[in-house]
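Asks:
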Amino acid sequence: MELDSPSNYSGFAYRMVIAGHYHESDTYSIVRPNGMSDWLITYTLGGEGYFEADGCEQRVMAGDVTLLKPGTPHRYGTPKGKSWHFVWTHFTGGFMDTSLLPLDALTIRQIEQQAVRERIYHAFLRLLSDSREQGAYWHELCLGALREVLMLLAKQQTSGIDPRIEETLYLLAQRMQENVRVEELARSVGLSASRLSHLFKENTGESIVEALNRMRIKQAALLLAHTNRNATEAAHDVGFQNYNHFTRQFRKFTGLTPSEFSKSVRSKE
171 MELDSPSNYS
181 GFAYRMVIAG
191 HYHESDTYSI
201 VRPNGMSDWL
211 ITYTLGGEGY
221 FEADGCEQRV
231 MAGDVTLLKP
241 GTPHRYGTPK
251 GKSWHFVWTH
261 FTGGFMDTSL
271 LPLDALTIRQ
281 IEQQAVRERI
291 YHAFLRLLSD
301 SREQGAYWHE
311 LCLGALREVL
321 MLLAKQQTSG
331 IDPRIEETLY
341 LLAQRMQENV
351 RVEELARSVG
361 LSASRLSHLF
371 KENTGESIVE
381 ALNRMRIKQA
391 ALLLAHTNRN
401 ATEAAHDVGF
411 QNYNHFTRQF
421 RKFTGLTPSE
431 FSKSVRSKE
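Everything in the sequence shown is counted per our numbering, starting at 171 for the first residue and increasing by one.
1. Among L237, G263, L311, which has the Cα closest to the Cα of I278?
2. Using the DSSP secondary-structure output, state which residues sit across from A232 in a beta bridge.
3. If I follow the unbroken beta strand (DSSP E) through E194, where does it start and stop?
4. With DSSP collapsed to three states, give me the class of G225.
5. Just grab the DSSP bridge partners of F256 for me.
6. Which residue spans inside the segment 247-331 form an unbroken beta strand (DSSP E) run of at least 3?
7. Could you pull out every residue in the same chain whose Cβ sits closer than 6 Å to the Cβ of S432, ignoring the five residues on either side in sequence?
8. Work out the CA separation of V257 and H454 for me, nearest whole Å.
9. Within this structure, are the beta carbons of L316 and L298 separated by less than 8 Å?
10. Does the Cβ-Cβ distance between G251 and D196 come in under 8 Å?
11. Would you mind giving the Cβ-Cβ distance between Y447 and P249, rounded to the nearest angstrom? I have them listed as a contact below 8 Å.
12. Looking only at its chain, what residues have a beta carbon closer than 6 Å to the beta carbon of T268, apart from the 5 residues adjacent to it on each side?
13. Should N383 be labelled buried (16 or more other beta-carbon atoms within 10 Å of its own) or exposed?
14. Quick check on DSSP: helix, strand or coil for V201?
15. Please state whether the Cβ-Cβ distance between I188 and H260 is less than 8 Å.
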């Protein structure tokens, strides 16, 4: 990702997305006693930074997303003896759903899930690329990437699920076609297999195997309803090696056999 040279952005919005990628020493400092007319979002990739608003200074580390509200007097920069590697975007709130924007003057969210960190990172990559290229629909593409970041933050805030279980659900969805082992999942999220199994049941109300089968059956139902895949093909596509097992699980989650489900879908067409 290409680095940008620090600018002297005035804090007054130009009704467009402005983005950058910085890696700054401890001489970097921005002070805006009157705040800005737009929003600022940053995502820390490495090192350490600080933000001060309402007389309170807070540090940010790798994986932290920060949002500064328009009109908030603030300062931010790199602490003494540190370096700060981050990406940033200024945007006008009118382009976003208000439900995605926080009410607080300064919001700092730690992203614990590696999968979510990667999605946010890649969203910023797209945002930076489109804002630099400024090709056709560049502004709309930037807003789409930014909206993805804000929705991921909102999802994390409202899910109420342990981040390690969120990570496990993501891994299950990614590996749906594979022979998933609980021990491997547990290592991926930094837990023992028994602890993961207990925490998963506590957070979701079902076992890891039940959750995986539910995902598989939901996907198989979509394939049967909206593609020309037959039941045997759909079973293989979603990771079932045994067709009889697939049929039992399909009936458990839908109340119908795959053939009954297919007939009911066709009858509604």
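Beta carbons: idealized from backbone N, C-alpha and C, even for Gly.
Since this is a predicted model, take the numbers as computed values, not measurements.
Replies: Checking against the coordinates, here is how it stands:
1. Checking every option, the nearest Cα to that of I278 belongs to L237.
2. For A232, DSSP assigns no beta-bridge partner whatsoever.
3. It spans 188-194 - the beta strand (DSSP E) in which E194 sits, taken as one unbroken run.
4. Of the three classes helix, strand and coil, the one that applies to G225 here is coil, per DSSP.
5. F256 is bridged to Y192, T214.
6. Complete beta strand (DSSP E) runs here, min 3: 254-261, 276-280.
7. Only L394 meet the Cβ criterion.
8. Because residue 454 is not part of the residues shown, which for the chain are 171 to 439, the question remains open.
9. Using a Cβ distance threshold of 8 Å, L316 and L298 do not count as a contacting pair.
10. Contact: yes.
11. Here the chain covers residues 171 to 439 and nothing more, so residue 447 does not appear.
12. Sequence-distant Cβ neighbours of T268 in its own chain, meaning closer than 6 Å and more than five residues away, do not exist here.
13. Around the beta carbon of N383, 16 or more other beta carbons sit within 10 angstroms, so the residue counts as buried.
14. The answer is strand: DSSP assigns V201 an E or B state.
15. A contact, by the Cβ cut-off of 8 Å.
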